[in-house]
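**Q** The number in the working numbering is simply the position in the sequence shown, starting from 1, with 66 added. Glycine included, C-beta positions come from ideal geometry on N, C-alpha and C.
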Amino acid sequence: MAAYNLTLLTDLYELTMMQGYFKSQSKETVVFDVFYRTNPSGSGYAITCGLEQVIDYVKGLSFSYEDIDYLRSLNIFENDFLDYLAGFHFSGDIYAIPEGTVVFPREPLLKVIAPIMEAQLVETAILNIINHQSLIATKASRVSYAAGGGVMEFGLRRAQGPDAGTYGARAAVIGGCTGTSNVLTGAMFGVPVQGTHAHSWVMSFPDEYTAFKTYANMYPDACILLVDTYDTLKQGVPNAIRVFQEMKEEGVKSKLFGIRLDSGDLAYLSKKARKMLDDAGFPDAIIAASSDLDEYLIDSLRTQGAQITSWGVGTNLITSADCPAFGGVYKLAAVKKEGEEEFTAKIKISENPVKITNPGNKTIFRIYDKATGKIRADLICLAGETYDEEKDLKIFDPEATWKKLTLKAGTYTLRELLVPVFLNGQCVYDSPATMDIKKYCEGELATLWDETRRLVNPQEVYVDLSKPLYDLKQELLNAREEE
């Protein structure tokens, strides 16, 4: 969306480290993993999103004359390094899990294999893009699940800036929303744009009926009337019914008509409004609701028997208000020195066990139950490992290693999740249209067991390590203990 080039969308220390690598003539090729440690919002899963924007960012990586002049003005970069930046382009490989895929903690969502200076530069922007869009896509999937569908994204005016509002709306549609109020998102990504009218529309007319009638005359095929400006049940709904009756008498057959509630006790008001509409002969009239909704309130309203057809969700969705950060990280996993054929695995060790990384150049296999198509587990393994679906597969919990499972041959299927996106600096991946990603995401969510999708205390999906990767990790941990 932004007209400005994103090359300088980086933390200063990425550039200072790059200069350090440059001055020391470091020529290593490295592997960096993007992953997260905890599912957002207490969810049992996340949805990866933002790859299309990562691709655009990497394609556009180049330092302009103005960029170089600015960096020179900081008086911390030497001229030979700035000369290198002037001719910079990305020459490495990137592998990623496709957008809209259901993912779980600790597995690489994206992998960068590149000369160390190039891999270092792209860290901040990749995390910025993937973290934000994955967060909103995940939140949208939870809200849509609670609502049973029919969620409209209405959050632009509350988003943290235009980029967050626009790309966040894209992510929300991928995650499950039917459309967005954001017209720019609709224009950029070909997603449905939706909306009704504001209270100011009603207040600008001499009376509520005239406001409704005027709106219905202008938009007969999308006539959703906001009924809570003055008195919802005594004025708003009766005036809406009057307009619908007049449309019917005039032979106007609306494709979409109904009311919207934006305040008050939504459960009570929707049930009363439903009866009034039905008694007036309009059982097909929809009842839309907004008003600071999130997945928990929607779930509660449905439990109370609220008669709401569609939901407009704004602030709590576009900001992921209960969990404002996704927590993705970018960690070095392997190094290959110039002239060497093989990568040397690297591991980050921490007193906090969850922060100990999985070493080496890795890939991920998803294991599905063949009979149901549901996910049994994910298996992180070293790149190059192969598995045969016609043989038994033994997996184990990498933390509680006594928890083991043998999947019998013919009872499971495998799918490798990481796909090539850039090879030797050239993009080899065609991003699907946003609505195609949304459809793909619907299929992905259908592979989750109901127990994993529940809003509270969901069942964890196992993310296991292969035996070779587990052994490598233990070897590196033990080597550190001996030093």
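Who are the Cβ neighbours of V97 in its own chain at under 6 angstroms, not counting the five residues just before and after it?
**A** Translated into the one-based positions of the sequence shown, residue 97 becomes position 31. So the list reads I179, A399, A400 and N427, once near-sequence residues are dropped.
**Q** Please identify the residue among I374, F129, K504 and C389 whose C-alpha is closest to the C-alpha of G216.
**A** The sequence position of residue 216 within the sequence shown is 150, counting from 1. Among I374, F129, K504 and C389, the Cα nearest to that of G216 belongs to I374.
**Q** Roughly how many angstroms separate the alpha carbons of L383 and S92, rounded to a whole number?
**A** If you number the sequence shown from 1, residue 383 lands on position 317. If you number the sequence shown from 1, residue 92 lands on position 26. About 44 angstroms.
**Q** When the Cα atoms are used, what is the spatial distance from I202 to D360?
**A** To locate residue 202, count along the sequence shown from 1; it is residue 136. To locate residue 360, count along the sequence shown from 1; it is residue 294. Looking at the two C-alpha atoms, the distance is approximately 13 angstroms.
**Q** Per the DSSP calculation, K460 is bridged to which residue(s)?
**A** The sequence position of residue 460 within the sequence shown is 394, counting from 1. DSSP lists T472 as partners of K460.
**Q** R326 and A355 - do their beta-carbons sit closer together than 8 angstroms?
**A** Residue numbering aside, residue 355 sits at position 289 when the sequence shown is read from its first letter. Residue numbering aside, residue 326 sits at position 260 when the sequence shown is read from its first letter. Yes.
**Q** Cα-Cα, which of A475, C389, W515 and E407 is closest to T438?
**A** Here residue 438 corresponds to residue number 372 of the sequence shown, with the count starting at 1. Residue W515 is the option with its Cα nearest to T438.
**Q** Go ahead and label P174 buried or exposed: buried means 16 or more other beta carbons lie within 10 angstroms of its beta carbon, across all protein chains shown.
**A** As a working mapping, residue 174 is identified with position 108 in the sequence shown. It counts as buried.
**Q** Going residue by residue through the region 149-217, where are the continuous alpha helix (DSSP H) segments of at least 4 residues, counting only ones entirely within it?
**A** As far as the region 149-217 is concerned, its whole alpha helix (DSSP H) runs of at least 4 residues are 182-187 and 189-213.
**Q** Expressed to the nearest angstrom, what Euclidean distance is found between the alpha-carbon atoms of W267 and A277?
**A** If you number the sequence shown from 1, residue 267 lands on position 201. If you number the sequence shown from 1, residue 277 lands on position 211. For W267 and A277, the distance between alpha carbons rounds to 7 angstroms.
**Q** I want to know whether the region 102-111 touches the region 502-509 - three or more CB-CB distances under 8 angstroms.
**A** Verdict: no, contact absent.
**Q** Can you tell me the Cβ-Cβ gap for I182 and E94, rounded? I've got them flagged as a contact below 8 angstroms.
**A** The residue labelled residue 182 in the question sits at position 116 within the sequence shown. The residue labelled residue 94 in the question sits at position 28 within the sequence shown. With 8 angstroms as the limit, I182 and E94 qualify as a contact, their Cβ atoms being about 5 angstroms apart.
**Q** CB-CB under 7 angstroms to D328, same chain, minus the five flanking residues each way: which ones, in chain order?
**A** As a position in the sequence shown, residue 328 is number 262, starting the count at 1. The residues are L292, D294, S356 and S357.
**Q** Quick check: the Cα distance between A68 and T381, rounded to an integer number of angstroms?
**A** The sequence position of residue 68 within the sequence shown is 2, counting from 1. The sequence position of residue 381 within the sequence shown is 315, counting from 1. A caution first: A68 carries a pLDDT of 44, below 50, which makes its placement in the model unreliable, though a value can still be read off. Each residue's Cα considered, the two are about 22 angstroms apart.
**Q** Please list, in chain order, all residues of the same chain as T429 whose beta carbon is under 7 angstroms from its beta carbon, the five residues on each side excluded.
**A** Translated into the one-based positions of the sequence shown, residue 429 becomes position 363. Here the set comprises C447, A449, E482 and L484.
**Q** Using beta-carbon positions only, say whether A213 and I364 come within less than 8 angstroms of one another.
**A** Sequence index remark: in the sequence shown, residue 213 carries index 147 (1-based). Sequence index remark: in the sequence shown, residue 364 carries index 298 (1-based). Yes, Cβ-Cβ distance for A213 and I364 is below 8 angstroms.
**Q** Should the region 134-149 be called in touch with the region 163-171, which here means at least 3 C-beta pairs below 8 angstroms?
**A** Judged by Cβ distances under 8 angstroms, the region 134-149 makes no contact with the region 163-171, as fewer than three pairs qualify.
**Q** Can you find the residues in the same chain that come closer than 7 angstroms, C-beta to C-beta, to Q301, ignoring five residues on each side of it along the sequence?
**A** Here residue 301 refers to the residue found at position 235 of the sequence shown. Result list for Q301: E274, in chain order.
**Q** Secondary structure at M67, three-state DSSP: helix, strand or coil?
**A** Walking along the sequence shown from the start, residue 67 turns up at place 1. For M67, the pLDDT reaches just 45, beneath the cut-off of 50, and the residue's location in the model is therefore unreliable, although a value from the coordinates is still provided. M67: coil per DSSP, three-state reduction.
**Q** Put L291 into one of helix, strand or coil per three-state DSSP.
**A** The residue you call residue 291 lines up with position 225 of the sequence shown. Strand at L291.
**Q** Can you list, in chain order, the residues of its chain whose CB lies under 8 angstroms from that of N71, leaving out five sequence neighbours each side?
**A** For the purposes of this step, residue 71 is identified with residue 5 of the sequence shown, where counting begins at 1. Contacts found: G126, S128, S130 and D133.
**Q** Does the region 257-265 come within contact of the region 239-246, defined as at least 3 CB pairs closer than 8 angstroms?
**A** With the cut-off at 8 angstroms, the region 257-265 and the region 239-246 touch.
**Q** Quick one: what's got a C-beta closer than 7 angstroms to S336's C-beta in the same chain, skipping five residues either side?
**A** Counted from its first residue, the sequence shown places residue 336 at position 270. Closer than 7 angstroms at the Cβ level, and outside the excluded window around S336, lie L327, I353, A355, A372, Q373 and I374.
**Q** Please return the same chain residues whose Cβ sits closer than 6 angstroms to the Cβ of L81, not counting the five positions on each side in sequence.
**A** As a first step, residue 81 must be located in the sequence shown, where it is residue number 15. Counting only Cβ-Cβ distances below 6 angstroms, and skipping sequence neighbours, we find nothing.
**Q** So, helix, strand or coil for P486, using DSSP?
**A** Reading the sequence shown from its first residue, position 420 is the one you call residue 486. DSSP places P486 in strand when its eight states are reduced to three.
**Q** Do T262 and F271 have their C-beta atoms within less than 8 angstroms of each other?
**A** Translated into the one-based positions of the sequence shown, residue 262 becomes position 196. Translated into the one-based positions of the sequence shown, residue 271 becomes position 205. Against a cut-off of 8 angstroms, the Cβ pair of F271 and T262 comes out as no contact.
**Q** Where DSSP assigns a beta bridge to G378, which residues make up the other side?
**A** Here residue 378 is taken as the residue at index 312 of the sequence shown, counted from 1. Paired residues: M218.
**Q** What does the alpha-carbon distance come out to for the pair N490 and S157?
**A** Position 424 of the sequence shown, counting from 1, holds the residue named residue 490. Position 91 of the sequence shown, counting from 1, holds the residue named residue 157. Approximately 5 angstroms, taken between the alpha carbons.
**Q** Between the alpha carbons of V309 and C289, how many angstroms are there, rounded?
**A** Along the sequence shown, read from residue 1 onward, the residue named residue 309 stands at position 243. Along the sequence shown, read from residue 1 onward, the residue named residue 289 stands at position 223. Their Cα atoms are separated by approximately 10 angstroms.
**Q** What runs of the alpha helix (DSSP H), each 4 residues or longer, lie entirely inside the region 216-302?
**A** You should have 228-241, 249-255, 265-269 and 274-284.
**Q** Compute the Euclidean distance between the alpha carbons of F154 and L511, then round it to the nearest angstrom.
**A** The residue given as residue 154 occupies position 88 in the sequence shown. The residue given as residue 511 occupies position 445 in the sequence shown. So the two alpha carbons sit approximately 40 angstroms from each other.
**Q** With H, G and I counted as helix, E and B as strand and the rest as coil, what does DSSP make of T369?
**A** Position 303 of the sequence shown holds residue 369. Helix, per DSSP.
**Q** For T114, is the classification buried or exposed, using 16 other Cβ atoms within 10 angstroms of its Cβ as the cut-off for buried?
**A** The residue given as residue 114 occupies position 48 in the sequence shown. Classification of T114: buried, given that the 10 Å Cβ count is 16 or more.
**Q** With a Cβ-Cβ cutoff of 8 angstroms, do L471 and E455 count as a contact?
**A** Looking up residue 471 in the sequence shown gives position 405. Looking up residue 455 in the sequence shown gives position 389. For L471 and E455, no; Cβs fall outside 8 angstroms.
**Q** Do you know whose CA, among S497, A411 and Y495, lies nearest L542's CA?
**A** Within the sequence shown, numbered from 1, the residue matching residue 542 stands at position 476. Selected option, being the one with the closest Cα: A411.
**Q** Per DSSP, which one or two residues make a beta bridge with T429?
**A** Here residue 429 refers to the residue found at position 363 of the sequence shown. Its beta-bridge partners are C447.
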